[in-house]
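Read the structure below first, then the notes.
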Amino acid sequence: PEGVNDGRAALRSSLDGTLEAALQAAVPAGQPRFVLVTFGNVGVKEHLLNFIEHVRAVGAAHLVGAVDVAAFDLLSAQGTPAYKTPLASEAYKLDGSNQHSSGSWKRFAGMRTGEVAKIVLAGYAVM
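Under full-length UniProt numbering, the first residue of the sequence shown carries the number 1, and numbering increases by one thereafter.
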């Protein structure tokens, strides 16, 4: 629909890579401050796009914490509320071992926990 595309164009121009801009885009003023949040890099692009398709279909407020700049560029270009996590500015990469005991996984998990805490402290309920 035309209105949806117009809305996404406006959204694209408001996304500057910050968490604050993504939250404002995800949850318009006057709406309940509830947001579904996920994190990922361009390596899990298909999973992120699947998440976005489904939350849009049900009209749920959502945002994606991009773990790399490529994910932010991809998602913000299509009008998805997204922001660059601290790991995106470090050119972070998982070490290839998806074991939860790996150092890179622990950094990723710690980052996610910290980012969710920031969103909660900003006054949002997060799922």
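Note that beta-carbon positions come from the ideal geometry of N, C-alpha and C, so glycine has one too.
- The continuous stretches of beta strand (DSSP E) do not include G114, which lies in the alpha helix (DSSP H) extending over residues 103-121.
- L75 is classed as buried because its beta carbon has at least 16 other beta carbons within 10 Å across all chains shown.
- Excluding the 5 residues flanking it on each side, G65 has same chain C-beta neighbours closer than 7 angstroms at V37, F39, Y83, T85, E115, in chain order.
- Taking all protein chains shown into account, P81 has 16 or more neighbouring C-beta atoms within 10 Å of its C-beta and is therefore buried.
- Of all alpha-carbon atoms in Q31, D68, V35, the one lying nearest the alpha-carbon of I119 is that of V35.
- G40 is bridged by DSSP to A66.
- In the three-state DSSP reduction, K45 falls in the helix class (H, G or I).
- Non-local beta-carbon contacts of V44 in its own chain, meaning distances under 6 angstroms to residues more than five positions away in sequence, are absent.
- G59 has its alpha-carbon roughly 32 angstroms from the corresponding atom of A91.
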